[in-house]
Amino acid sequence: MPELTFGPDVGGTPERKGRPGRAKALATVLGALVLAPLTVVLGMEVPGNGYYLSGTLIVLYALVPFFASFEGRRPQAREIAVVAVLAALAVVARAAFVWVPHFKPMAAIIMIAGIAAGPQVGFLVGSTAALASNFIFGQGPWTPWQMLAFGLVGLIAGLLADARLFPRANLTWPRRIALAIAGFVLIVGLAGPLLDTSTFFYLSTAPTFELAAAVYLAGLPVNAAHGAAVAATLLLAANPLLDQLDRLRAKYGLLDRDCAPHRN
5 MPELTFGPDV GGTPERKGRP GRAKALATVL GALVLAPLTV VLGMEVPGNG YYLSGTLIVL
65 YALVPFFASF EGRRPQAREI AVVAVLAALA VVARAAFVWV PHFKPMAAII MIAGIAAGPQ
125 VGFLVGSTAA LASNFIFGQG PWTPWQMLAF GLVGLIAGLL ADARLFPRAN LTWPRRIALA
185 IAGFVLIVGL AGPLLDTSTF FYLSTAPTFE LAAAVYLAGL PVNAAHGAAV AATLLLAANP
245 LLDQLDRLRA KYGLLDRDCA PHRN
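All residue numbers for the sequence shown refer to our numbering, where the first residue is 5 and numbers rise by one.
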């Protein structure tokens, strides 16, 4: 069976397949950069929470280039199926612990996806999982913010793996602990504050420093509990899941990236 690569060279040379995808992604980014300031200006004309509408739309603009870039790679059906399974597993991780307040291990699965398959897939799994899980927990103007927050978690996890800070399989205990700490920091320092920003805009018709301080301070213990759940899940589940994905890579050639596989 020929090896299935996870990149733009499926079915042709990298040069011929990669250029249309890169051009499309670049055009999408430039379009978003043009639309963003126009959205801010138009949002100022909307009464009430016009700035919140503007912010939500700008978040959506930020999501589009990642999806366009992934589509430009022309992944095969098997690769899309693996990404879908990882996103579904992340959704299950969120839904399974709905009865435990603030215990949301979904971001741990997203980070594992980013480490195993790269930053682009990590972002895709994170944003897709946030969107899909909200069909259970409720869609709203906060959904794009959640898609961006969890997408960035997967993206950064993939970048950390590409920088050789975390291997793609066989994590030693020191690496597991380091990964758990990284998960906690990403939630408390990035994803949580992004979601708090969404809450701040949603609650306010006239943003003030006092309201911002109240929202972020109230969100700190929630984010800490969320981060602890992610850290615990990474500590216990990262190695088994990464090893399973490594076997999938070895057997079918899926989830291969430009960087060579590395182990600790």
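Backbone N, C-alpha and C define an ideal beta-carbon position, used for all residues, glycine too.
| Query | Result |
| --- | --- |
| What are the boundary residues of the alpha helix (DSSP H) that residue 149 is part of? | 147 to 166 |
| With the cut-off set at 8 Å, would you say residue 243 and residue 172 are in Cβ contact? | no |
| Report the residue from 199, 86, 81 and 255 whose alpha carbon sits nearest the alpha carbon of residue 156. | 199 |
| Helix, strand or coil for residue 89 per DSSP? | helix |
| Three-state secondary structure (DSSP) at residue 100? | coil |
| Tell me, please, whether the stretch 190 to 206 touches the stretch 231 to 245 by the rule of three or more beta-carbon pairs shorter than 8 Å. | yes |
| When DSSP labels each residue in this structure, what does residue 175 get in the three-state scheme? | coil |
| Counting C-beta neighbours from all protein chains within 10 Å, is the total for residue 149 16 or more, i.e. buried, or is it exposed? | buried |
| By alpha-carbon positions, which one of 201, 165 and 152 ends up nearest to residue 132? | 152 |
| Can you tell me whether residue 98 is buried or exposed, with buried defined as 16 or more other CB within 10 angstroms of its CB? | buried |
| Just reading off the alpha helix (DSSP H) that residue 130 is part of, what are its end residues? | 123 to 141 |
| Which value, in whole angstroms, describes the spacing of the CA atoms of residue 203 and residue 226? | 13 Å |
| Can residue 116 and residue 246 be called in contact, C-beta distance under 8 Å? | yes |
| Can you tell me whether residue 212 is helix, strand or coil according to DSSP? | coil |
| Is residue 212 buried or exposed, if buried means 16 or more other CB atoms sit within 10 Å of its CB? | exposed |
| For residue 108, name the three-state secondary structure that DSSP assigns. | coil |
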